[in-house]
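Worksheet: the structure to be examined is printed underneath.
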Amino acid sequence: MALRVGALALGAALAFALAVALLGRSTEDVRDTVDGAGAWAPVLYVVLVTVLTCAFFPFPLMAAAGGLVFGIAEGTALSVLGGSIGALVAFVLARTVAGDAIAGLAGERLERLQLAVEKRGFVAVLYARIFPGVPRDLSNYAFGLTRVGIVAFGVATVIGITPRAFAYVALGGSLGSFDSTQSIVAIALLVALGLLGIVLVRADVARTRR
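If you use numbering that gives the first Met the number 0, the sequence shown corresponds to residues 0 to 209, in order.
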């Protein structure tokens with residue numbers, strides 16, 4: 000069982016290392032790679048975001064590169080598409096490849112977590128996308144180990160990552176000019192999303208304690 004879990008973790012680590020080696024760690028490096036594909040750039044970009052989401056590559060960097068190459072509207076749409084597909088792939092991988100193995104290792108603890116999350120599936124995923132500080136890529140795998148339905152996971156993911164994707168794309172498209180209007184709007188949106196996540200989670204916790 001542990002071998003299957005280790006293989007999945009090793010695969011993600013190797014994919015991350017390969018991405019860093021090929022793409023670098025800056026927005027400009029990713030932009031140059033995608034922009035060099037010409038007419039195939041949108042397809043390459045979506046494929047990269049999909050694969051790199053599974054490999055824990057920073058989504059803000061990829062989205063910012065999308066803003067540089069495609070502009071805000073197209074960059075946001077492509078970022079959401081690639082990020083959502085990547086999240087679903089990670090979700091399915093965790094459920095099919097490592098789910099039984101981790102369940103066997105974790106025992107009753109995972110069972111209790113699965114039951115708790117299952118009751119609030121859509122809301123739990125949406126909160127994880129909105130609440131600040133939640134590791135987005137790791138949560139994709141984590142939710143795959145629960146009983147959350149794939150449709151609820153997918154819909155909540157699209158809704159949850161769209162505002163953040165827009166903000167990261169806008170920041171990338173502003174070329175690092177943080178005093179521009181679109182940068183100010185993007186930063187304000189990220190702050191607002193963080194505050195909204197905190198308020199929603201606290202309100203939900205207070206409601207469940209009644």
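Even for Gly, the Cβ is constructed at its ideal location relative to N, Cα and C.
Note that the structure is a prediction, hence the values are computed from the model and not measured.
In terms of Cα proximity to residue 53, the closest of 81, 129, 73, 151 is 81. Residue 155 and residue 121 do touch by the CB rule: their CB atoms are close to 5 Å apart, below 8 Å. Boundaries cannot be given for residue 119, as no alpha helix (DSSP H) includes it and DSSP labels it neither H nor E. A direct Cα-Cα distance of roughly 10 Å separates residue 158 from residue 124.
Rounded to whole angstroms, the separation of the alpha carbons of residue 130 and residue 196 is 4 Å.
Your pair residue 68 and residue 40 checks out as a contact, with CB atoms roughly 6 Å apart and the cut at 8 Å. With contact defined as three or more Cβ pairs closer than 8 Å, the segment 141-149 and the segment 29-44 are not in contact.
Distance between residue 74 and residue 42, taken at the CA atoms: about 12 Å.
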